[in-house]
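Q: Protein chains in written order, with the numbering used here: chain A, 1 to 114; chain B, 1001 to 1115.
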Amino acid sequence: NAGVTQTPKFQVLKTGQSMTLQCAQDMNHEYMSWYRQDPGMGLRLIHYSVGAGITDQGEVPNGYNVSRSTTEDFPLRLLSAAPSQTSVYFCASSYRGGPSGGYTFGSGTRLTVV
Amino acid sequence: AQTVTQSQPEMSVQEAETVTLSCTYDTSESDYYLFWYKQPPSRQMILVIRQEAYKQQNATENRFSVNFQKAAKSFSLKISDSQLGDAAMYFCAYTTGGATNKLIFGTGTLLAVQP
């Protein structure tokens, strides 16, 4: 009964490095999304997907790429890390078309870019 | 565009007392869902309570209840008999569900519980 699994939990990157944050869910949820959380700004949507092969941009997509090759996985790629991307990142999933079952969140990744 | 506003960055309550956290939202939709999430220092996002806009009855979950005023676009959270474990950041969130299912968050209210 894993729910949403995010890895890693912590990461330090140097400016210009690339990396991938992993997100996997085992609930057969169609909808998956990535948020970043910054002090005083709540959680802001980066990218989301409504099913395998379908992705779209959220509120703050610049500097991030996503893909959805399977229902289970939704990785977030930082192409060239910048200090402005220092944040806590959350992956969330739900059934498509209605959140009556609620959204399930991963435990978050704290990323620091130096 | 839909927005969610939490006007209280920080709140404090005495243990066993009652506290109300405020949330307002802006939308032109008639059908939507509202949530309160709790985020303790562990960083985990925990669903506290959910309200469907088409339901007039206010949702309750044990010590947690909401005051949903659809016309005023207000969705406040009341915590009764506050406990030390209630200390956390609380986020109000909104979604229409539907095709995109995007969840929009407020900026959060940090609740401290004094012993």
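All C-beta atoms in this analysis are idealised placements derived from N, C-alpha and C, irrespective of residue type, glycine included. Source: prediction; values computed, not measured.
By the 10 Å Cβ neighbour count, where 16 or more other Cβ atoms means buried, how is Q1119 of chain B classified, buried or exposed?
A: Because chain B spans 1001 through 1115 in this model, residue 1119 of chain B falls outside it and cannot be assessed.
Q: Residues of chain B with a CB under 9 Å from the CB of V88 of chain A: which are they?
A: Under a criterion of Cβ atoms nearer than 9 Å, the residues of chain B adjacent to V88 of chain A are, in order, R1043.
Q: Using the beta-carbon of each residue, which ones in chain B are nearer than 7 Å to S94 of chain A?
A: N1101
Q: Does the beta carbon of T1107 of chain B come closer than 8 Å to any beta carbon on chain A?
A: yes
Q: At which residue ranges does the region 8-86 of chain A contain complete beta strand (DSSP E) runs of 3 or more residues, listed in the order of the chain?
A: Fully contained in the region 8-86 of chain A are the following beta strand (DSSP E) runs of length 3 or more, in chain order: 10-13, 19-25, 31-38, 42-51, 54-57, 64-66 and 76-78.
Q: Using a threshold of 8 Å, state whether the C-beta atoms of L13 of chain A and P75 of chain A are closer than that.
A: Result no, Cβ atoms of L13 of chain A and P75 of chain A do not sit closer than 8 Å.
Q: If we count the other Cβ atoms within 10 Å of its Cβ and call it buried at 16 or more, is N28 of chain A buried or exposed?
A: exposed
Q: Report back the beta-carbon spacing between L78 of chain A and M41 of chain A to the nearest angstrom; my notes put them in contact at under 8 Å.
A: About 19 Å separates the two Cβ atoms, so there is no contact after all.
Q: Y35 of chain A and L43 of chain A: beta carbons closer than 8 Å?
A: yes
Q: Along chain B, which residues have their Cβ under 8 Å away from the Cβ of Y64 of chain A?
A: Within 8 Å Cβ-Cβ: nothing; Y64 of chain A doesn't reach chain B, min ~16 Å.
Q: Whose C-beta lies closer than 7 Å to the C-beta of N65 of chain A among residues of the same chain, with five residues either side of it excluded?
A: R77 and L79
Q: Using a Cβ-Cβ distance under 8 Å, would R1063 of chain B count as near chain A?
A: no
Q: Answer with yes or no whether the minimum CB distance from V50 of chain A to chain B is below 8 Å.
A: yes
Q: Against chain B, with Cβ distances strictly below 8 Å, would G3 of chain A count as a contact?
A: Judged by the 8 Å Cβ criterion, G3 of chain A is not in contact with chain B.
Q: Taking the alpha carbon of A1088 of chain B as the point to measure from, which residue in B:T1027, B:Y1037 and B:S1030 has its own alpha carbon closest?
A: B:Y1037
Q: Start and end of the beta strand (DSSP E) containing A1112 of chain B?
A: T1109 to Q1114
Q: Using a C-beta to C-beta distance shorter than 8 Å, which residues of chain A count as neighbours of F1091 of chain B?
A: G42 and L43
Q: D1026 of chain B bridges to which residues according to DSSP?
A: B:T1003
Q: Just mark K9 of chain A as buried or exposed, buried being the case when its beta carbon has 16 or more other beta carbons within 10 Å.
A: exposed
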